[in-house]
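Encoded as structure tokens, the structure appears first; notes follow it.
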Ligand code: GTB
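In this note's numbering, the protein residues as written are 26 to 240.
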């Protein structure tokens, strides 16, 4: 039975692959799993039918038979645990890959998302220009050790894993100028974006955005 995921019918990013369904699409593509997509509007995602899938009325969700999941991290981990291609075979390697998933979501992503939110909600406030460099320092305090750990390696822990997938998805949300300060992280993101599975996932979400634009 094909899983069904949910995605924006009209993503605010216009198909840049920044909405969180992209993580799930990419994981499904890496695992070689065909899937269906249920597109939702900002209105329908707050209605009871969608809230039964996602308590906070958001995307992405994942349904397969009786199983209904929300939270992109949980969904990617579920796919990785049940299909080859996203976690190493050995127990210790699997544990480390999971640590990178959590690290992406709980250590790297929060200050990046905070910067976006501050831009949207506080950019007309008198303190905005003073606050921005403080958040940028917080982001750099995460990127500097991440860059040091990656060093000259292709991936964070040997072979490509769901940990890399999640880390790359989070790093793509950075301002391009900030990512460019870390050449090895820029190359890491570019390397991941060249993966055929990434490209299929990206094309699929972009096709939705283009269809929405065409009306
Ligand atoms: N922690 C949850 C997860 O990882 O799954 C967060 C889910 C989430 O934030 N979903 C967003 C959502 O449904 C879409 S991805 N928002 C609607 C709402 O809360 O009402 C966040 C997002 C949206 C748009 C862009 N963009 O346009 O660049 C980027 C990221």
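Using N, Cα and C, we set each Cβ at its ideal position, and we do this for glycine too.
What is the DSSP secondary structure of residue i, counted as helix, strand or coil?
| i | result |
| --- | --- |
| residue 31 | strand |
| residue 152 | coil |
| residue 163 | helix |
| residue 177 | coil |
| residue 206 | coil |
| residue 56 | coil |
| residue 185 | coil |
| residue 106 | helix |
| residue 230 | helix |
Contact check, residue i vs residue j under 8 Å by CB: the rounded distance?
| i | j | result |
| --- | --- | --- |
| residue 30 | residue 85 | 5 Å |
| residue 52 | residue 104 | 5 Å |
| residue 192 | residue 100 | That belief does not hold up - the Cβ atoms of residue 192 and residue 100 are roughly 16 Å apart, past 8 Å. |
| residue 195 | residue 137 | 7 Å |
| residue 143 | residue 97 | Actually they are not in contact, since the Cβ atoms of residue 143 and residue 97 sit about 22 Å apart, beyond 8 Å. |
Based on the DSSP output, what are the partners of residue i in its beta bridges?
| i | result |
| --- | --- |
| residue 88 | 29 and 93 |
| residue 64 | 32 |
Which residue's Cα is closest to the Cα of residue i: the options?
| i | options | result |
| --- | --- | --- |
| residue 240 | 34, 26, 28 and 27 | 34 |
| residue 89 | 63, 67, 192 and 81 | 63 |
| residue 60 | 130, 72 and 32 | 32 |
| residue 180 | 80, 118, 107 and 68 | 118 |
| residue 141 | 111, 173 and 198 | 198 |
Let me see if you follow: with CB-CB separation under 8 Å, is residue i close to chain C or not?
| i | result |
| --- | --- |
| residue 29 | As a matter of chain content, chain C is missing from the structure shown, which is built from one protein chain. |
message: Three or more C-beta pairs under 8 Å: does that hold for the region 28–44 against the region 223–234?
response: yes
query: Using 8 Å as the threshold, is the region 70–84 in touch with the region 149–157, meaning 3 or more CB pairs across them?
result: no
- prompt: Taking contact to mean at least 3 C-beta pairs separated by less than 8 Å, is the region 177–192 in contact with the region 105–122?
  reply: yes
field: Meets three-Cβ-pair contact criterion under 8 Å: the region 159–168 and the region 214–231
entry: no
- request: Give a yes or no on contact between the region 144–154 and the region 206–224, applying the rule of three or more CB pairs nearer than 8 Å.
  value: no
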